[in-house]
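These notes concern the structure reproduced below.
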Amino acid sequence: TLTSVNNGVISLHFNIANNGIGLAFISSLTVLHNGKKVDKDTNVPQLVARRSKVNIVHSSTHWLAKGASLVVNEKLTLFSLDVGQGREYLKQDIEATFDEYDLVIEYSNAYKERFVFDTRED
1 TLTSVNNGVI
11 SLHFNIANNG
21 IGLAFISSLT
31 VLHNGKKVDK
41 DTNVPQLVAR
51 RSKVNIVHSS
61 THWLAKGASL
71 VVNEKLTLFS
81 LDVGQGREYL
91 KQDIEATFDE
101 YDLVIEYSNA
111 YKERFVFDTR
121 ED
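Each residue of the sequence shown is one higher than the one before, starting from 1 at the first, in the numbering used here.
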């Protein structure tokens, strides 16, 4: 996650990136909240805002489809949230709420080798 405060607006982005040396072919992407699978129609930024009791200025959700690919150095924002009350304690609260979410991505390379990226293992 990446968080910034600019002109009183807190911006939080939940990003993924391909930092490897070749294409990454996504076979599955699973978002977990406290260990439980989140449905693909779930608006994660709205849940975070509700839990943190903040008003959203802007939010977006981007789910990767099975078979999607990321090229080398490509970065993609899965969830973003902009909140208008840019106070430090709110920033920390929103970050803590987003930390309740984990990401499991199963992917393969051009040689069909399979890999798993799991934020719970950090």
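Built from N, CA and C at the ideal position, the CB exists for glycine as well.
Counting C-beta atoms within 10 angstroms of its own C-beta, K40 has fewer than 16 neighbours from the protein chains shown and is therefore classed as exposed.
In the displayed model, T1 falls within coil according to three-state DSSP, outside both helix and strand. Ranked by Cα distance from L29, the first of H62, I21, A96 is H62. The C-alpha of V104 lies about 27 Å from the C-alpha of V54.
The DSSP-derived three-state label of L64 is coil.
Across the structure, L32 and D82 are spaced so that their CA atoms are roughly 21 Å apart. When beta bridges are read from the DSSP output, L103 appears opposite V31.
Residue environment for Y111: exposed (fewer than 16 other C-beta atoms within 10 angstroms of its C-beta). Between the C-alpha atoms of S69 and V57 there is a straight-line separation of about 30 Å.
Our two residues, E74 and T1, have alpha carbons roughly 16 Å apart in a direct line.
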